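Basically this note's numbering = 1-based index in the sequence shown + 8.
Heads up, the beta-carbon is just placed ideally off N, CA and C, and yes, glycines get one too.
Values in this document were obtained by computation on a predicted structure and should not be read as measured data.
A short write-up of the structure that comes next.
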Amino acid sequence: MRFLRIFLLCLFAFNYSYSQVGIGTETPDPATILDVRSEISPGVYGGLKLPTLTIAQRATIATPIPDGLMIYLNDGNNRCLQVYDSTRSQWMDWYCMNEVPEASLVTYTGVLEVDEILTSSYTYTDGENDTESGTSYQWYRADDATGTNVMAISGATAATYLTTAADGNFYVAVGITPRASSGASPGIEVLSPYSEIEFKQTEIEFAIASSTIPEDDVRTVNVNVINPSPTVATTVEVNINASSTAGVLGTDYDIDNNSVAVTAFPFTMTIPAGATTASFDVYAYADDNNAVDEILQFDLQNPSGGINPIIGTVGSHSVTFIDDDSATEVSFDSITYSEVENGIVGSIDINIINPSMTTATTVEVALDASSTATNGVDYDTDGLGTALAFPITITFPANSIASQQIDFFITNDLISEGNETIILDLQNISGGISAVIGTNASTTFTIIDDEVPLSPVLLGIQDFEITAASPTLNYTVNTPGVFRTTNGTSPNTPTYIDARSYGVINGDTDLDFGPVDSSGYTDATLTFRLAAFSLNSTGNGLDASDYVDIYISDDNGTTYSYELEITGSGNRRYDFSATGSYSLVYDGNNSATSVTTPNGSAGYSTVEITGLPSTANLVVGIVLFNDNANELWVIDNVEIYGNP
């Protein structure tokens, strides 16, 4: 009987659903075929669950698959509501689940001290394997390891962080907010553990390992404090080393420790909090004992205060007392010598003061690299071209005050090459009584050229006249300027030297002069005339943005070296009668020397560059620029000379 009732009920429901079906309601919406209500029972609700399939299970659905068939695909990282598109014969994603990325194992490495770089690290994961992109960082500072009073450190948003003094004795953590290039993002920020940042350990050491004091003089001995505490003073004891050979404190020397006379060893130095240096003074008494030099060695010990202080690398300092009664001194008799180039012998005297009665004194004479005379060519040992063998060892016998000499032959050549120098230095002195090199430690012997110097040869001139001067220096106009044949407004004088010059108004002009063959000369010299005018008013002139640039090429303009820039400033103006000049030695390093011309009669009306290269294809580039219609740069009489 019960079975019959159920059957009739199902039959009734089937007939009823033929038009509309209601689940959880007896009154389905008239517009629906199926109306599912969410209330399962009073106050209890539910939802609609589609069939859940894997990709393998989905493949077993009977074909043909009807258009619009819906399933929930759950296979690995794929979790999508799908609808079948029979036109395309494929499953279409309606909506796919996506999780935000996660950061884990967040930490950082590095030395946990002030002024050290900390480097963050973490593991990035994403449920859908979305690629990481744009993960952000934030470093934090707190009072303790639990993050009390945590605050974000301003500007600390990189993967690394350089700790500062503000972090000292505080705790630092890094926060990682993972971000994905697609899908849900960003994730939740994850903090590393907090770790304490300590101030670096205080180190105390001498600034240098040794110093010297002449008798009857004073020296300051400096002590450095590395990483001092900003709040706690540092103290250290200074003791005398047993190897010291100096006399008695208070008799042979005194020590002043911050205006307090030291009476015994060890004595204590106190360096204020935050200070990085301290010092004490050592005074050596004069005596007449002719004693040898004595050594006083100090050792640092027992540091305290600061931040776990230690003695640094230079823990000892030796002070040598130079006895002024017994030191042997060797020096050149004069710092300058000279002889005319005529084939005679040159001599340089070396003197000794206070020689030892028992020990010879030796010193080396070295040839200085800045000498311009050539050893074995301009001078020699025998007049036959045999070079002197430097360094030359000079020996002063014991108990002798006789001077020693270095003799050499001077070559009398027929070359006009100007004066040349032999520069000698004393070095490596030994023996005697604590022998030292005296004031005249170097000397310069000048070989005076006796040939008549040759005059420079004019290789080319460009005066911008209609009939050019000779020999004519050809030029190429890369960017045109203007010929000038009239007066300026201020100064109200000619803007040319003869009848015509070349210049620029409110723009730039670029000229190349040459090529010139200077290969038969030692070097070459460029000279040209320059002036600056105000036009149409008396208040304009050349400013800091206005310039004249000089370029030098030794390969016919293929490459240039930027050598000189001349600028204006504050409306500079002057004519060709100005007496100022500027000269520069060519160096070819393509890094220009920049100068500002003076104003008025002191303006640079003559510009010169010497030492230009010896080449068959010398080209000079001149660029003029100004930025106002009332401003004028002009050049005239561009000349290149060859120097024999």
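| Item | Value |
| --- | --- |
| C-alpha gap between Pro238 and Arg149, whole angstroms | 19 angstroms |
| Opposing strand residues paired with Pro502 [DSSP bridges] | Asn495 |
| Sub-7 angstroms separation of Leu543 and Leu632 beta-carbons | no |
| Arg187 in three-state terms, based on DSSP | coil |
| Opening and closing residue of the alpha helix (DSSP H) in which Ile409 lies | First-last for Ile409: undefined, no H or E at that position. |
| Residues near Ser144 in its chain [Cβ-Cβ closer than 6 angstroms; skip 5 each side] | Thr185 |
| Proximity test, Cβ basis, 7 angstroms: Met365 and chain D | Looking for chain D here will not work: only one protein chain is present. |
| Spatially closest choice to Thr447 from Glu245, Asp289, Ile505 and Ile343, by CA coordinates | Ile343 |
| Cutoff 6 angstroms; reference Leu19; Cβ partners in own chain excluding five residues on either side | With a pLDDT of 39 at Leu19, under the threshold of 50, the predicted position of this residue should be treated as unreliable, and no value is reported. |
| Coil, strand or helix - Gln28 by DSSP | coil |
| Cross-strand partners of Leu170 (DSSP beta bridge) | Ile125 |
| Rounded straight-line distance, which links the Cα of Ser609 to that of Val646 | 21 angstroms |
| Rounded distance between the beta-carbons of Glu302 and Ala272, thought under 8 angstroms | Actually they are not in contact, since the Cβ atoms of Ala272 and Glu302 sit about 19 angstroms apart, beyond 8 angstroms. |
| For Ile418 and Asp388, the rounded distance between their alpha carbons | 7 angstroms |
| Span of the beta strand (DSSP E), counted from its first residue to its last, around Ala374 | Thr369 to Leu375 |
| Ala21, buried or exposed, once every other Cβ within 10 Å from all chains shown has been counted against 16 | Only weak support exists for where Ala21 lies, its pLDDT of 46 falling under 50; the coordinates are left without a value. |
| Contact test: Tyr590 Cβ vs the ligand MN heavy atom, cutoff 6 angstroms | In the structure shown, the ligand MN is absent, as is every other ligand, since no ligand is present at all. |
| Cα-Cα separation, Ile318 to Asp415 | 58 angstroms |
| Option nearest Ile431 by Cα separation, candidates Thr452, Gly440, Arg227 and Ser438 | Thr452 |
| For Tyr132 and Ala111, the rounded distance between their alpha carbons | 5 angstroms |
| 7 angstroms Cβ cutoff met for Gly314 and Thr210 | yes |
| Three-way DSSP call (helix, strand, coil) for Ile319 in this model | strand |
| Cβ neighbour criterion (16 or more within 10 Å) applied to Met365 | exposed |
| Counted within 10 angstroms of its Cβ, other Cβ atoms place Ser267 as buried (16 or more) or exposed | exposed |
| Beta-bridge pairing of Ser607 - partner residues as DSSP gives them | First, the amino acid is wrong: residue 607 is Asn here, not Ser. Asn607 pairs with nothing; no bridge assigned. |
| Ile63 in three-state terms, based on DSSP | helix |
| Asp289 - DSSP class collapsed to helix/strand/coil | strand |
| Close beta carbons around Ser591, own chain, < 6 angstroms, minus the five adjacent residues each side | Glu616 |
| Cα-Cα separation between Thr259 and Ala292, rounded to whole angstroms | 9 angstroms |
| Start-to-end residues for the beta strand (DSSP E) that takes in Val226 | Asp225 to Ile234 |
| Cutoff 7 angstroms; reference Val485; Cβ partners in own chain excluding five residues on either side | Leu519 |
| Whole runs of the beta strand (DSSP E) within the stretch 238–284, excluding any shorter than 3 residues | 242–248, 261–265 and 275–279 |
| Element boundaries [beta strand (DSSP E), containing Phe340] | Glu337 to Phe340 |
| Assigned exposure category for Asp296 - 16 Cβ within 10 Å defines buried | Bear in mind that the predicted position of Asp296 carries a pLDDT of just 46, short of 50, making it unreliable; the figure below should be weighed with that in mind. Asp296 is exposed by the Cβ-count criterion. |
| Option nearest Val322 by Cα separation, candidates Pro236, Leu466, Asn232 and Ile455 | Asn232 |
| Nearest candidate by alpha-carbon position, reference Thr370, set Val348, Arg45 and Pro399 | Pro399 |
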